[in-house]
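So the structure is just underneath, and the comments pick up after that.
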Amino acid sequence: MVVERRVLGALRECGHRPRVAVAARGLSLSGEHAGLWLAAGLVTAVLDRPRRSDWLRGTALVATAHLASMGVKRIVRRPRPAPGTYEPLVRTAGRHSFPSSHATSAAAAVVAFGVLHPTAGRLAAPVAGAMCLSRLVAGVHYPSDVAVGALLGAATAAAGRRLLAPDAPTRARGKGLS
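In terms of our numbering, the sequence shown opens at residue 34 and continues consecutively.
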């Protein structure tokens, strides 16, 4: 826990830079309740008509991962980092921090959307990484919250891969997104 606190303290210090704070707040807000990822999946479902049902199933995997993280939070009930020590940059929807639901939905989106179209996964990955990091910069999660959240999201989406079109990479080259 000492290493976690040091890492959190160092990253939280980065949040004192105005541009970093704005970015962390924006990523935190956009990731609340998996909003960015659900919106991205739904917009892509509208734009990629031939594969609409695939994108809707991928988006459902992201939602499922997010719900799983909320369930784990209710069981574990780990408190967020002490506000007096790590003054948070953002408000949070709940009091519990383990696992990070932002990290869970972000990793699930990278995996699920990447299965549907490799370019979508490559585009989502840096945003997801930044979102995960933003939770530490914002001072609302410990590093293990984010790491376990990302693992939970990736595992949930990977477990649901069979729900997505088995030939998605082949079909993606010929239709829909480019």
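C-beta atoms are modelled at their ideal positions from N, C-alpha and C, and glycine is treated no differently.
Beta-carbon gap between residue i and residue j smaller than 7 angstroms
| i | j | result |
| --- | --- | --- |
| S138 | V95 | yes |
| S130 | R110 | no |
| A73 | H99 | no |
| L197 | G91 | yes |
| L41 | L156 | no |
| A126 | T189 | no |
| W88 | T97 | no |
Nearest residue (CA-CA) to residue i, options the options
| i | options | result |
| --- | --- | --- |
| P114 | L44, R155 and R52 | L44 |
| V143 | P51, V55, R194 and V173 | R194 |
| C47 | A171, G104 and R38 | A171 |
| A224 | R128, V40, L71 and L41 | Past the boundaries of the shown model lies residue 224; the chain is included only from 34 to 211, so the question cannot be answered. |
| V160 | E37, A56 and V36 | A56 |
| K106 | T92, R84 and P132 | P132 |
Nonlocal neighbours in the same chain, by C-beta distance under 7 angstroms from residue i, ignoring five residues either side
| i | result |
| --- | --- |
| M164 | L60, G64, H135 and A139 |
| E37 | Y175, P176 and S177 |
| T203 | Residue placement at T203 is flagged as unreliable, the pLDDT there being 45, under the threshold of 50; the coordinate-derived value follows with that caveat. Answer for T203: no residue qualifies. |
| M103 | S134 |
Sequence-distant residues of the same chain with beta carbon closer than 6 angstroms to residue i, five excluded per side
| i | result |
| --- | --- |
| S211 | Residue confidence is low: S211 scores 45 on pLDDT, short of 50, so the model does not pin down where it sits. No coordinate-derived value is stated. |
| M34 | none |
| G147 | G154 |
| G162 | none |
| V173 | R113, P121 and T125 |
| A158 | V143 |
| A54 | G48 and L122 |
| V181 | P132 |
8 angstroms Cβ shell around residue i - same chain, five flanking residues per side excluded
| i | result |
| --- | --- |
| P51 | none |
| V79 | R85 |
Integer-rounded CB distance, given that residue j should sit under 8 angstroms from residue i
| i | j | result |
| --- | --- | --- |
| R58 | L122 | 6 angstroms |
Quick one: which unbroken alpha helix (DSSP H) runs of 4-plus residues sit fully inside the stretch 103 to 179? Chain order, please. Whole alpha helix (DSSP H) segments, 4+ residues: 134 to 149 and 151 to 170.
Alpha helix (DSSP H) runs contained entirely in the stretch 58 to 112, provided each spans 4 or more residues: 68 to 80 and 85 to 109
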